[in-house]
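Q:
Number of protein chains: 2
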Amino acid sequence: MTAYRTARKRDAAATRQALVQAAAGLFAERGYERTTVREIAARAGVNQALLFRYFGSKQSLFEEVVAGESLRHLRETPPESVLETALRGLLAAGSEDQGQRHRALEICLRSAVGGTATRTGALLSEEYADALATLTEAEDAALRADLVLAWLLGIGLTRSVVGKGALAGADPDEVCALVLDCARTMLEKLPANESR
Amino acid sequence: MTAYRTARKRDAAATRQALVQAAAGLFAERGYERTTVREIAARAGVNQALLFRYFGSKQSLFEEVVAGESLRHLRETPPESVLETALRGLLAAGSEDQGQRHRALEICLRSAVGGTATRTGALLSEEYADALATLTEAEDAALRADLVLAWLLGIGLTRSVVGKGALAGADPDEVCALVLDCARTMLEKLPANESR
DNA sequence: ACCGGTTGTAAGCGTCTGCTTACAAAAGTA
DNA sequence: TACTTTTGTAAGCAGACGCTTACAACCGGT
């Protein structure tokens, strides 16, 4: 895995990217606060002082991670698919998934709990809420969107943190069906459940 | 506030209780990990070494807090009222409420995020889930209960951690109506919404 | 008055945290 | 080659953390 990095040394861009990727993974898994800069550097295979050379602080690195692929990923997804996409991303969190799924929500919601990374996390949450709010004509669209988003947060946390019984071991398709059916009560423009 | 404590010194029971109450408040507000033993001792108005004399460790104190009033409170509430009671407790979290509301969920869910206090927190979550699971005849009752519980977790966190827009400022009655209506899709025995 | 156990206090230990510094090795430029 | 700049490394700093220790103050019983 470090074959590439050892092959070509002294590559600032590669070092930066390695740090960003390692940080994204750890922030998603453990949240902002429980991730240490030493862990990030170790996973990236890089001296931890470089983290501060390239990003200045742990907080700045976090912002770069969130503002990067995460936001872009969200903006490329049509609103009516956001919920299912995000939910499936959350449900697949446990398994070793290399692909670029919606890791954004995981990262920001998981980290929002701490409080330090709140500002950046809140920004991303808002963007998700705005997308969901377009799915209803109700007056309280914003509130409904927030509630659905809160549900995602809870599901993600329950699954990944507490290795809890029913939800932790459940079939993603089943969970998806239940949640989407239920969410349609609040967001009436949500497409019908088409997953087999 | 410390008038009582200064009046009668050298009272082990009072010291213990002061520590438990201070810890309960701080765990609910900040979660397990972000609460320090020094803070707990300070709020209780006692020397922090006493925390270790009476409880042995921060973890043990946490368990005593959760196992104490919290569990008892839950067991006294009939299953069909648990959801609304817990939800209203969560929604009132911001305001200064002295009364014994359902602080249990707040504490354990907020703390479950960290991972250290997971075992104790999971136990309490399970008890809540069991109560909710009695409200449906569906085969996947456990999963449905977990999902609803996860929703509570998400709502509580979104409201108290991120001071986020719509949900943070919303009227508890309104939130209650939306959530309960929606949850009835999954837990059909949930009583009709009777709040004005 | 004396003594043994209980309750409270001050100081500090060892470890971990985010972050900094001083310096060495490689690359670019002449 | 000689010099500057960029990239990487090792060591460590100050502060916070959970927890411990040594000791003083108080109390009840005799």
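Chains as they are written, first to last, in my numbering: chain A, 1 to 196; chain B, 1 to 196. Here a beta-carbon is modelled for each residue, glycine too, at the ideal position from N, C-alpha and C.
Within the same chain, show all residues whose beta-carbon is closer than 7 Å to that of B:V46, passing over the 5 residues directly before and after it, in chain order.
A: Same-chain partners within the cutoff: T15, A18 and L19.
Q: So, does the CB of B:Q98 fall closer than 7 Å to a CB anywhere in chain A?
A: Unreliable placement is indicated for B:Q98, whose pLDDT of 49 sits below 50; no coordinate value is reported for it.
Q: Within the 7 Å Cβ cut-off, does A:G25 reach chain B?
A: For A:G25, the answer is no, since every Cβ of chain B falls outside 7 Å of its Cβ.
Q: Would B:S57 be called buried (16 or more neighbouring beta carbons within 10 Å of its own) or exposed?
A: Exposed, because fewer than 16 other Cβ atoms sit within 10 Å of the Cβ of B:S57.
Q: Is the shortest distance between the beta-carbon of A:C176 and the beta-carbons of chain B less than 7 Å?
A: By this cut-off, A:C176 is not an interface position.
Q: Under the three-state reduction of DSSP, which class applies to A:R184: helix, strand or coil?
A: Of the three classes helix, strand and coil, the one that applies to A:R184 here is coil, per DSSP.
Q: Of the residues that make up the region 145-156 of chain A, which ones have a beta carbon closer than 8 Å to any beta carbon in chain B?
A: Cβ contacts with chain B come from A145, D146, L147, L149, A150, W151, L152, L153, G154 and I155.
Q: Is B:C176 helix, strand or coil when you go by DSSP?
A: Three-state result, B:C176: helix.
Q: I'd like to know if B:K36 contacts chain A, where contact means its C-beta is closer than 7 Å to some C-beta of that chain.
A: Checking the sequence shown, residue 36 of chain B turns out to be Thr, not Lys. B:T36 does not count as touching chain A.
Q: Nearest CA to the CA of B:A122: which residue from B:D140, B:A67 and B:A138?
A: Out of B:D140, B:A67 and B:A138, B:A67 has the C-alpha closest to the C-alpha of B:A122.
Q: Considering only C-alpha positions, which residue in the set B:D181, B:D146, B:L167 and B:G154 is nearest to A:A166?
A: Out of B:D181, B:D146, B:L167 and B:G154, B:D146 has the C-alpha closest to the C-alpha of A:A166.
Q: Using the Cα positions of A:Q21 and A:E64, report the straight-line distance between them to the nearest angstrom.
A: For A:Q21 and A:E64, the distance between alpha carbons rounds to 11 Å.
Q: Please determine, among A:D130, A:A141 and A:L190, the residue with the shortest C-alpha to C-alpha distance to A:T74.
A: It is Leu, not Thr, that sits at residue 74 of chain A in the sequence shown. The candidate whose alpha carbon is nearest that of A:L74 is A:D130.
Q: Give the straight-line distance between the Cα atoms of B:L83 and A:T136, rounded to the nearest whole angstrom.
A: Distance between the alpha carbons of B:L83 and A:T136: 25 Å.
Q: A:T204 and B:T185: beta carbons closer than 7 Å?
A: Nothing about residue 204 of chain A can be read from this structure; chain A reaches only from 1 to 196.
Q: Under a CB-based cut-off of 7 Å, is B:A108 close to chain A?
A: Note that residue 108 of chain B is Cys in the sequence shown here, rather than Ala. So no, B:C108 is outside the interface.
Q: Examine chain B for any beta-carbon lying closer than 7 Å to the beta-carbon of A:T158, and answer yes or no.
A: Chain B, which has a Cβ nearer than 7 Å to the Cβ of A:T158, makes this yes.
Q: Within the chosen definition, does the region 166-185 of chain B reach the region 140-155 of chain B through at least 3 CB pairs nearer than 8 Å?
A: The region 166-185 of chain B vs the region 140-155 of chain B: in contact.
Q: Which residue wins for smallest C-alpha separation from B:A23, given the options B:Q59, B:D11, B:R10 and B:R53?
A: Nearest of B:Q59, B:D11, B:R10 and B:R53 to B:A23, Cα basis: B:Q59.
Q: Can you tell me the Cα-Cα spacing of B:I155 and A:I40, whole angstroms?
A: Using only the alpha carbons, I get a separation of about 30 Å.
Q: Taking Cβ-Cβ distances shorter than 8 Å, what residues in chain B pair up with A:D11?
A: Chain B residues near A:D11: none, gap ~35 Å exceeds 8 Å.
Q: Would you kindly check if the distance between the Cβ of B:R103 and the Cβ of B:A28 is under 7 Å?
A: Cβ atoms of B:A28 and B:R103: closer than 7 Å.
Q: Short check: CB of B:P79 to CB of B:T134, under 7 Å?
A: Contact flag set, yes.
Q: Taking all protein chains shown into account, do 16 or more other C-beta atoms lie within 10 angstroms of the C-beta of B:S81, making it buried, or fewer, making it exposed?
A: Exposed, since its Cβ has fewer than 16 Cβ neighbours within 10 Å.
Q: Of all Cβ atoms in chain A, is any one closer than 7 Å to the Cβ of B:L90?
A: Judged by the 7 Å Cβ criterion, B:L90 is not in contact with chain A.
Q: Identify the contact partners of A:L143 in chain B, using a Cβ-Cβ distance below 8 Å as the criterion.
A: Here the neighbours are A166, L167, A170, E174, V175 and L178.
Q: Have a look at B:S111 and A:R30 and give me their C-alpha separation to the nearest angstrom.
A: Each residue's Cα considered, the two are about 13 Å apart.
Q: Within 10 angstroms of the Cβ of A:E139, are there 16 or more other Cβ atoms? Answer buried if so, exposed if not.
A: Label assigned to A:E139: exposed.
Q: What's the gap between the Cα of B:E174 and the Cα of B:F55?
A: Roughly 42 Å between the two C-alpha positions.
Q: Which residues mark the beginning and the end of the alpha helix (DSSP H) in which B:A86 is found?
A: First-last of the alpha helix (DSSP H) with B:A86: P79 to L91.
Q: Are the C-beta atoms of B:T134 and some chain A residue less than 7 Å apart?
A: Chain A contact via Cβ: absent.
Q: Taking the C-alpha atoms as reference points, what is the distance between B:A42 and B:L51?
A: Going by the C-alpha atoms only, they are around 11 Å apart.
Q: For a cutoff of 7 Å on Cβ pairs, would you count A:A15 as touching chain B?
A: The sequence shown places Thr at residue 15 of chain A, rather than the Ala named in the question. Output row for A:T15: interface = no.
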